[in-house]
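Okay, structure first, notes after.
In the numbering used here, the protein residues as written are 18 to 225.
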């Protein structure tokens, strides 16, 4: 497989492209699953977190928070660990070793993008993974909080225990959103069993 073909099927790359389309300097972006920090770094660059934008990230695993902080610092970007919403400053990257279910409590303002790579930490303990109920609740909170024109982007992995059920729960909920208020997209490679899926929901601007 060529490098270009591999990138075409990389749904994390698609998530980055589709989030970059709507993000700009000064925006608030949220990473629900910090992981190894690659999504955090992408969002930080899109919102200019070193000058005016804000990235808020969650992960229940200390290993993930440490990896993400190290990656951001290596890129020369400000990043700090927080445990309370009051610690979120006017701009920068703020990482909480907490469940993404705390999203609503921690949001300082409406986000333009909320994204997640669901499942388990790459290279980590596969027994610790996101779950259907918590992911669905957080997705509902994210949809309610988004700015008009904002996007929720979820990369869902179906090959691990519980992954298919998590995807099905999220896909079912997004499929019920009103087309008057939402544009919803599902992107997946064809001909590949247990391939990841990218779910995207964009909040339409109010009609005058």
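In this text, a Cβ means the ideal position worked out from N, Cα and C, and glycines have one as well.
DSSP places residue 40 outside both helix and strand once states are collapsed to three, so it counts as coil.
Between the beta-carbon of residue 28 and that of residue 223 there is about 30 Å, and that puts the pair past the 8 Å contact cut. In the assembly as shown, residue 59 is a buried residue. Its beta-carbon has 16 or more other beta-carbons within 10 Å. Look at residue 58 here: in three-state DSSP terms it is helix. Residues of the same chain with a CB within less than 6 Å of the CB of residue 105, apart from the 5 flanking positions on each side, are 111, 125 in chain order. Residue 64 sits away from residue 168, with the two beta carbons spaced by 8 Å or more. By the Cβ neighbour-count rule, residue 192 is exposed, with fewer than 16 other Cβ atoms within 10 Å of its own.
In this chain, the alpha helix (DSSP H) harbouring residue 152 covers 149-162. Per DSSP, the continuous alpha helix (DSSP H) segment holding residue 181 begins and ends at 180-192. In its chain, beyond the 5 residues on either side, 63 have a beta carbon closer than 6 Å to the beta carbon of residue 37. Only buried fits residue 134, as 16 or more other CB atoms lie within 10 angstroms of its CB. Scanning the region 70-95 for uninterrupted beta strand (DSSP E) segments of 3 residues or longer gives 71-75, listed from N- to C-terminal end. As DSSP reads the structure, residue 169 sits in a beta bridge with 131, 218. With 16 or more other CB atoms across the displayed protein chains lying within 10 angstroms of its CB, residue 53 is buried. According to DSSP, residue pairing for residue 48 in a beta bridge involves 74, 132. As summarised for the region 93-126, the continuous alpha helix (DSSP H) elements at least 4 residues long and confined to that stretch are 120-123, given in chain order.
Here DSSP, grouped into helix, strand and coil, assigns residue 28 to helix. An exposed status is given to residue 195, since fewer than 16 other beta-carbon atoms sit within 10 Å of its beta-carbon. Only buried fits residue 109, as 16 or more other CB atoms lie within 10 angstroms of its CB. The continuous beta strand (DSSP E) containing residue 204 extends over residues 199-204.
The beta carbon of residue 221 is closer than 6 Å to those of 198 in its chain, skipping five residues each way along the sequence.
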